[in-house]
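Structure, as structure tokens:
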Amino acid sequence: MIIRFYKSQSERHIKDYQAFLITMEAPENNGFEIIPPEPRAGDNVTIRGTSSAESVEIAMTFIRTVPVAGGKYKCRMPDTEVPERPNQLTVRAENVKDLKVRVKILLWMTRRARASDGVAEICESNVPSGKYDIRIEGNAADG
């Protein structure tokens with residue numbers, strides 16, 4: 026998951042959008058098909074195919090642009106599905122001073138990161154599977 030935040034006046038009022046990219050890595054993959062071929066936000070995505078490997082690594086990247094108000098940004102992503110382990114959840118914010126990610130499945134858990142050169146990132150591996158309420162917020166970079 027990559028979250029980008031923009032602060033210039035012309036970009037403050039952009040509507041939220043969500044796009045995603047799916048990549049697969051295994052040299053033995055034959056005939057993998059992604060349905061629909063160009064998925065959009067809200068689509069259910071099916072990946073079918075065959076491989077000689079026992080497992081195939083699949084990565085999904087979500088990008089969301091959110092407005093900045095009063096020097097702060099925030100967004101909420103309710104009902105975000107995290108797949109079975111092994112998995113990795115990464116939140117990356119650009120053009121920010123800091124990043125706070127709160128996730129809730131039963132109880133709220135919070136992770137924080139300070140930005141370096143305007144980029145802050147939080148990465149967690151082997152997250153328990155389930156539906157999470159995710160809240161992302163922080164201070165936007167100056168300028």
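Just so we're on the same page, the working numbering is the position in the sequence shown counted from 1, plus 25. Ideal placement from N, C-alpha and C gives every residue a C-beta, glycine not left out. It should be emphasised that the depicted structure is a prediction, and the values quoted were computed from it without experimental measurement.
Does the Cβ of residue i have 16 or more other Cβ atoms within 10 Å, making it buried, or fewer, making it exposed?
i	result
L124	buried
G163	buried
I161	buried
A66	exposed
A140	buried
C148	exposed
A94	exposed
For residue i, which residues of its own chain have a beta-carbon under 6 angstroms away from its beta-carbon, when the five flanking residues on both sides are left out?
i	result
L46	For L46, the predicted structure reports a pLDDT of 47, less than 50, and the residue's modelled location is therefore unreliable. The matter cannot be settled from this model.
V128	M134, Y157 and I159
K99	E162
R101	R160
Could you check what DSSP says for residue i in three-state terms: helix, strand or coil?
i	result
N112	coil
N69	coil
G163	strand
G56	strand
A78	coil
P103	strand
G168	coil
I63	It should be noted that the sequence gives Glu, not Ile, for residue 63. Three-state DSSP puts E63 in coil, outside helix and strand.
Do residue i and residue j have their C-beta atoms within less than 8 angstroms of each other?
i	j	result
V107	S150	no
V126	G143	no
E146	V116	yes
V183	I59	Absent from the structure is residue 183, since the part of the chain shown begins at 26 and ends at 168.
I159	T105	yes
A165	G96	yes
P61	D68	yes
Only counting the same chain, and skipping five residues up and downstream in sequence, which positions put a Cβ closer than 8 angstroms to that of residue i?
i	result
P111	S150 and N151
Leaving out five residues on either side along the sequence, give the residues of the same chain with a beta carbon under 7 angstroms from the beta carbon of residue i.
i	result
D167	none
Q. Taking the runs of the alpha helix (DSSP H) that are 4 residues or longer, which of them lie wholly in the stretch 121-158?
A. none
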